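I have placed the structure first, in the form of C-alpha cells, so that the comments after it can refer back to it.
Protein chains: 2
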Amino acid sequence: MMRLHHHPLCPFSRKIRLALREKGLSAELVEVEPWKREGEIVELNHAAEVPVLVDEDLVICDSRAIADHLEEAYPDTSLLGSSLEQRAETRRLCGWFDVKFCREVTDLLFGEKLLKRLRRVGTPNSEAMRAGSANIRGHLAYVSHLYQQRRWLAGDDLSLADLTAAAHFSVLDYLGDVPWKDFAPARDWYAKIKSRPSFRPLLMDRIVALRPAAHYDDLDF
Amino acid sequence: MMRLHHHPLCPFSRKIRLALREKGLSAELVEVEPWKREGEIVELNHAAEVPVLVDEDLVICDSRAIADHLEEAYPDTSLLGSSLEQRAETRRLCGWFDVKFCREVTDLLFGEKLLKRLRRVGTPNSEAMRAGSANIRGHLAYVSHLYQQRRWLAGDDLSLADLTAAAHFSVLDYLGDVPWKDFAPARDWYAKIKSRPSFRPLLMDRIVALRPAAHYDDLDF
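As you go down the protein sequences, you meet chains A and B in turn.
Our numbering numbers the first residue of the first sequence as 7 and each following residue consecutively.
Our numbering numbers the first residue of the second sequence as 7 and each following residue consecutively.
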C-alpha cells in the first residue's frame, strides 16, 4: 500500500489526497509537521517538505512530481485529460493555482495567519494579509468566469485543475477567508467539488492550534 | 514553426529555450516585457506571464505545462528519463529549483535587484538580498553534493532538472551573484552545461537596463 506523508492543512498535500481518491487509489496517511525537520520526513526528502509519496521502492517528492507519477503509474482514470490541448489547459490551471494563486493569496493569508503560528516564527504581517484579501477577489472572479463557460474549471470533466484549486481554497476556507457570497458561480463550483466523496476526509481535518470557520464542513454554505 | 513568447532573463523562459534546443526543436522567439501587460501576451495568457508557447493551434501557458507538452508531443528525445523512478527524480529536482530555489534565492536576488528596476516599482530590499545571498550557498552545496555522485544532477543523463537549475543560476550569474569559487563541483557542473550549444543563445542575451557580470559568457569562468 502507498504511504503519503502530509500535513492536514497543506494545500499541496490536499491536492494529492484528492487525486488519490479520485483515481480510486488508497494510501496510508502519515501526518507530519515538516517545519520541525525531524523523523522520517528528513530522510525521505532532503527539502523536508510535504507531500512525499512512498510507492513501494519509490520515494516521490514534490506535489507535481507525485501527481505526474500517479498519472503515469495508474493511468486508468486520467486527471489531465486525453488530448494534448486538454492536458495543456489542465496543466495551465494547475500552474495558475500552485504558483500564481499560492504567491498572491495562499502565502499571504494562510502563510501569515497560520503557518507562522504553527512554526512559532514572527507575527502575521497585516500588510501582506490585506494584499491577500484583495487578491483573492480577482481569483474568485476568474473561477466564476471559467465556471460560467464550463462544467469544471479546465473543461467538461473534473481534472487535476479542480483538485489543485479546491485544495488551495479549502485551507483558506478553513480560516474563513473566502468571500464566497460575492462570487456565486465560484461558490457553486466549490459546493460541487466539496460534495464529492474524495473531499470528505478534508472536511473532517482539525488542527489543535485553530478551529475551522463555522461553515467549513457545511455542504450548503 | 513554434513561437515562444519569452523574456531574455526570465528563468522559466530560459528553461524552455534550453529544452527546445536540447530536443532538437526550433521556435521563433518573441521578446516580451510581461509586466507592461500590453500586446499579444495579454490575449494569449490571462496571467500575462511568460513563457507562452504557440504550437500550431495550441497556446500553452506555464513553463511546466510547456515542458510537459514538449515531452508528450515530441517524445523522440526525452528530458525526463524513461523509468518511473528516473522521471520522479527529474521532476523532484525541477520542483526543487522552480519552487524552493526560486523562493529562497531567485525571488530574493533577481527579483529585488533586477525585476523591481525593470518594472519601476519600489527599491531593492536589502534584507531580502542578504537572505538570498546566504541561501544560495546551501543550494550550491546541494548541487555539489549531487554532482559528486552523478554525471548530471538527476542521474547519468542530462535532464530537465539540469536545464531548470541552470536557467535559474544563469540569471543570477548575469548579476554576478553566484559564488562559484567556493563550490568547485557545482562550478564544474555549470561549466559543462554552459558549454553546450543549447546554452549559447543565453550567453548572448543582453538587456538595456544592466550589463552582465564580466565572466557571464566566459566558458572558463
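Ideal Cβ placement from N, Cα and C applies to all residues, glycine included.
Remember, predicted model here, so these are calculated numbers, not experimental data.
For a Cβ distance threshold of 9 Å, residue set A71, D74, H75 and E78 of chain A lies close to B/R93, ordered along the chain. When only Cα atoms are considered, B/D224 and B/R217 end up about 14 Å apart. Under the DSSP assignment, B/D61 falls in the beta strand (DSSP E) whose first and last residues are V58 to D61.
In the three-state reduction of the DSSP assignment, B/E34 falls in the strand class. Membership of B/I213 in any alpha helix (DSSP H) is not indicated, and neither H nor E is assigned to it by DSSP. DSSP, read as helix, strand or coil, puts A/G182 in coil. Interface criterion met: the Cβ of A/A53 is under 7 Å from a Cβ in chain B.
Contacts between A/W102 and chain B, judged by CB atoms closer than 9 Å, involve H52, A53, C67 and D68 in chain order. Burial state of B/P203 is exposed, judged by a 10 Å Cβ sphere holding fewer than 16 other Cβ atoms. The shortest CA-to-CA distance from A/W195 to any of A/V177, A/G182 and A/A172 is the one to A/A172. For A/K106, the closest Cβ of chain B is nearer than 7 Å. The beta carbons of B/A215 and B/L124 sit closer together than 7 Å.
Burial is judged here by how many other beta carbons sit within 10 angstroms of a residue's own beta carbon; A/P81 has fewer than 16 and is exposed. Distance from the CA atom of B/V177 to the CA atom of A/I47, rounded to whole angstroms, is 32 Å. B/W102 is bridged by DSSP to nothing; it lacks a bridge partner. Rounded to whole angstroms, A/N51 and A/C67 show a C-alpha spacing of 6 Å. The DSSP-derived three-state label of A/W158 is strand. Your pair B/F189 and B/A147 checks out as a contact, with CB atoms roughly 7 Å apart and the cut at 8 Å. Here A/C67 carries a strand assignment [DSSP, helix/strand/coil]. Pairing B/H221 with B/F227, the inter-Cα distance amounts to about 6 Å. Among the residues facing chain A, B/L166 is not included, as its CB has no counterpart in that chain under 7 Å away. Just so you know, the alpha carbons of A/T96 and A/N131 end up roughly 33 Å apart. Judged by DSSP in its simplified three-state form, B/L10 adopts strand. B/V127 sits exposed, since fewer than 16 C-beta atoms from the chains shown fall within 10 Å of its C-beta. Shown here for A/L159: same chain residues with a beta carbon closer than 8 Å to its own, the five before and five after excluded, namely L99, V149, L152, Y153, S165, A167, D168, A171 and W195 in chain order.
A distance below 7 Å between beta-carbons, with the five flanking residues on each side excluded, links A/S84 to the following residues of its chain, in chain order: E77. Near chain A, meaning a CB-to-CB distance below 9 Å, no residue of the stretch 185–214 of chain B qualifies. Looking at A/H145, A/K119 and A/G144, the one whose alpha-carbon comes closest to that of A/M135 is A/K119. Annotation: the continuous alpha helix (DSSP H) that includes A/E49 extends over E46 to L50. In this model, B/E39 and B/H12 are separated by some 8 Å (Cα to Cα). A direct Cα-to-Cα measurement between A/K200 and A/P191 gives close to 14 Å. For a Cβ distance threshold of 7 Å, residue set L90, E91 and A94 of chain B lies close to A/L64, ordered along the chain.
Here the alpha carbon of A/A54 sits roughly 42 Å from the alpha carbon of B/M7. Sixteen is the threshold: since fewer than 16 other Cβ atoms of the shown chains lie within 10 Å of the Cβ of B/D162, the residue is exposed.
Looking at B/G182, B/I72 and B/G144, the one whose alpha-carbon comes closest to that of B/K106 is B/G144.
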